[in-house]
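Enquirer: Taking this note's numbering, the leading residue of the sequence shown gets 8, the next gets one more, and so forth.
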Amino acid sequence: MNLILCMAGLYRRFRDAGYEQPKFLLPWQGDVIIGHILEEMLQDGAFDNLLLVANRRDAAHRAALASIVARHGYSERNLIFIDDTRGQAETALLGAHYVMDELQPADQRLAFHNIDTILYGRDYHRIAEALTTADGYIDVFPADSPAYSYVTVDDAYRVTDIAEKVVISNHATTGFYGFRTPQLYAQWAQQSEWRNEFYISDVYKRMLNAGAPLTINPDSDGHRTLILGTPAEYEAACAAP
8 MNLILCMAGL
18 YRRFRDAGYE
28 QPKFLLPWQG
38 DVIIGHILEE
48 MLQDGAFDNL
58 LLVANRRDAA
68 HRAALASIVA
78 RHGYSERNLI
88 FIDDTRGQAE
98 TALLGAHYVM
108 DELQPADQRL
118 AFHNIDTILY
128 GRDYHRIAEA
138 LTTADGYIDV
148 FPADSPAYSY
158 VTVDDAYRVT
168 DIAEKVVISN
178 HATTGFYGFR
188 TPQLYAQWAQ
198 QSEWRNEFYI
208 SDVYKRMLNA
218 GAPLTINPDS
228 DGHRTLILGT
238 PAEYEAACAA
248 P
């Protein structure tokens with residue numbers, strides 16, 4: 008499976024709060040946030056490829072990011088810098104094209120994740136297996152805040168609807184999104200309607216409307232989802248015992 012971290016945002020809330028480092032390089036438990044994210048995701052060997060898609064505004068941090076990917080056996084070939092995009096889905100699309108054109112992996116299964124949510128206890132081999140039959144996989148956790156996106160599912164955990172920042176169930180998305188191939192993602196992303204901001208949920212919505220099979224994790228046993236997306240969330244987590 009191939010992992011792309013979408014990290015081309017502007018992080019305005021953190022900059023407005025006085026933080027000088029980009030969010031992904033903020034300290035967290037003896038490392039930085041992105042270091043913990045990658046440690047949790049790469050430790051079981053389910054991912055064959057890694058790509059960080061960062062903003063050119065953060066190019067001054069190239070050496071720090073190169074050092075972090077080197078811990079896991081990757082090089083600067085697995086790190087690219089891009090211009091501003093209209094949202095995570097467009098960043099993901101550029102990353103998918105890079106995977107197809109430059110990395111050319113034998114295993115085509117693809118996952119996107121953000122750089123402010125640390126996922127504990129996931130079985131990525133199980134997720135990769137799910138993507139052999141489903142076109143998409145959405146990692147979820149129980150929540151009821153309108154700050155998150157949500158999915159509804161049937162009794163077989165097949166996704167029936169998805170909504171951006173609208174509570175339609177208790178299945179909130181963590182920001183980890185899987186697709187059977189990068190070509191599949193690119194196909195649907197290029198057909199999706201782009202509003203002011205382009206979300207991956209827009210891509211899934213179009214896929215659902217066409218009858219594509221999408222699934223979620225059937226349970227959250229052993230899972231922990233730590234969201235550090237705003238200054239308040241980050242500071243509260245840092246202050247917690």
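All C-beta atoms, glycine included, are put in the ideal place defined by N, C-alpha and C.
Within 8 Å, do at least three Cβ pairs link the region 101-119 to the region 179-192?
Expert: Counting Cβ pairs under 8 Å, three or more are found: they touch.
Enquirer: P112 lies in the beta strand (DSSP E); which residues open and close that run?
Expert: Careful: P112 lies outside any beta strand (DSSP E) and carries neither H nor E.
Enquirer: Please report the distance separating the alpha-carbon of A118 from that of W195.
Expert: 15 Å
Enquirer: Please report the distance separating the alpha-carbon of E47 from that of Y131.
Expert: 10 Å
Enquirer: Near L49, what residues of its chain come up, given a Cβ to Cβ distance below 6 Å and the 5 sequence neighbours on each side ignored?
Expert: H79
Enquirer: With the cut-off set at 9 Å, would you say T124 and T232 are in Cβ contact?
Expert: yes
Enquirer: By alpha-carbon positions, which one of L57, I75, N56 ends up nearest to I41?
Expert: Checking every option, the nearest Cα to that of I41 belongs to I75.
Enquirer: Using only the alpha-carbon positions, how far apart do A67 and D91 sit?
Expert: 16 Å
Enquirer: Can you give me the C-alpha to C-alpha distance between D162 and A137, rounded to a whole angstrom?
Expert: 16 Å
Enquirer: Rounding to the nearest angstrom, what Cα-Cα distance links E109 and R84 in this structure?
Expert: 9 Å
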